[in-house]
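Contents: one structure, followed by commentary.
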Amino acid sequence: IDPSLDLFAEIEKLKKEKNAVILAHYYQEPDIQDIADYVGDSLGLAQKAAATDADIIVFAGVHFMAETAKILNPNKKVLLPDLKAGCSLSDSCPPPLFKAFKDKHPDHIVISYINCSAGIKALSDIICTSSNAQAIVESLPKDQKIIFAPDKNLGGYINKQTGRNMLLWNGACMVHEIFSREKMVKLKERHPHAKIVAHPECEESVLEVADFIGSTTQILKFTETDPCQCFIVATETGILHKMQQTNPGKTFIAAPPDNSCACNDCPHMKRNTLEKVYICMKYELPEVTMVEDLRLAAKKPIQRMLDLSK
Ligand code: 13P
Ligand code: SF4
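If you use the UniProt record's numbering, the sequence shown closes out at 331, no skipped numbers anywhere.
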């Protein structure tokens, strides 16, 4: 594309011309967050996708998020700037293997974290996100047997919070598993007034040293309302942009990874760029599509979550 193009102006023009809305996750690069009509966590994004009257949804996030938007909007065009923007957590739970696991436990209800493919959603009874997982689990009777997939860390955290003993699928997110508890504790010693905020996809050892645990939106709200002036942030780095924008006087430090060669950027989320957003809006490609049977089966548990999260 012509390097002299003002991509911000061009994207704004395309939004109006095509009645398109840009929904972005907090892990997207700062430029994308700034041009988006809405930036949010997975629940907020699913709720916005369900409510929009735009003709085109540009989903600046990863594939399972755009897929969820398509499941909720079969008659709208859903564009994902880079179709290869996947998710290691979603990939850790292939539907045929999960189906075999589920078949071994026919008396269990399946709650799946939204970070999974449509195939897994179709095998689930209720979907949850990190912001409503506890409430969704607690909406079921205490003695209800539950399979929780695919994130073992979120599932383990919810087991601890609720005193349940859900059967956990052994999946994890490559970004949230890299943090080092030891390095975080040392960092906190150097910044004794700092608070550690963490996403529940982090390992238990990291969550144990956190002052606050929540979804991206919940973490952001906590840093806004808590009087503390310095936060060590154990989640993907994209969230730091909004944190700094909303709290210009406060200090945010990305939690250190275990291995200094690793980084807390999600390689999938970061596949999207402002250029790709522009190109996908101009050519209306790549588009997320789905066969109707799968869409209908995957919609049921998502709708159940939305109904429980009003
Ligand atoms: P939330 O924004 O819902 O907390 O999800 C985090 C995440 O890892 C999305 O991929
Ligand atoms: Fe998936 Fe983790 Fe990236 Fe979120 S941060 S999209 S869970 S790999």
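Note that the Cβ used here is the ideal one computed from N, Cα and C, for glycine as well.
Practice prompt. Check the DSSP bridge columns for residue 255 and list the partner residues they point to.
Written response: According to DSSP, which records beta bridges pairwise, residue 255 is partnered with 219.
Worksheet item: Alpha carbon to alpha carbon, how far is residue 53 from residue 72?
Response: 21 Å
Worksheet item: Can you give the Cα-Cα distance for residue 278 and residue 38, rounded to whole angstroms?
Response: 44 Å
Item to complete: State the DSSP-derived secondary structure class of residue 314, mapped to helix, strand or coil.
Response: helix
Worksheet entry | Residue burial classification, residue 203 (beta-carbon count within 10 angstroms, cutoff 16) | Classified as exposed, residue 203 has fewer than 16 neighbouring CB atoms from the shown chains inside 10 Å of its CB.
Worksheet item: What are the boundary residues of the alpha helix (DSSP H) that includes residue 175?
Response: In the DSSP assignment, residue 175 falls within the unbroken alpha helix (DSSP H) covering 173-183.
Worksheet item: Going by Cα to Cα distance, which pick from 153, 24 and 48 is closest to residue 326?
Response: 153
Fill in: residue 208, enclosing alpha helix (DSSP H) - first and last residue
202-211
Discussion item. So for residue 89, helix, strand or coil by DSSP?
Written reply: helix
Worksheet item: Do residue 243 and residue 218 have their C-beta atoms closer together than 8 Å?
Response: Taking 8 Å as the Cβ cut-off, residue 243 and residue 218 qualify as a contacting pair.
Worksheet entry | Chain-order list of residues whose beta-carbon lies under 8 Å from that of residue 173 (same chain, five-residue window excluded) | 189, 190, 191, 192 and 193
Worksheet item: Taking 7 Å as the cut-off, is the CB of residue 197 close to at least one heavy atom of ligand 2?
Response: yes
Discussion item. Considering only heavy atoms of ligand 2, does any lie closer than 7 Å to the CB of residue 136?
Written reply: yes
Fill in: With 16 other Cβ atoms within 10 Å as the buried cut-off, status of residue 102
buried
Worksheet item: How many angstroms separate the CA atom of residue 294 from the CA atom of residue 50?
Response: 7 Å
Worksheet item: Roughly how many whole angstroms lie between the Cα atoms of residue 328 and residue 201?
Response: 37 Å
Worksheet entry | C-alpha distance - residue 292 paired with residue 148, whole-angstrom precision | 26 Å
Worksheet item: If we count the other Cβ atoms within 10 Å of its Cβ and call it buried at 16 or more, is residue 159 buried or exposed?
Response: Around the beta carbon of residue 159, fewer than 16 other beta carbons sit within 10 angstroms, so the residue counts as exposed.
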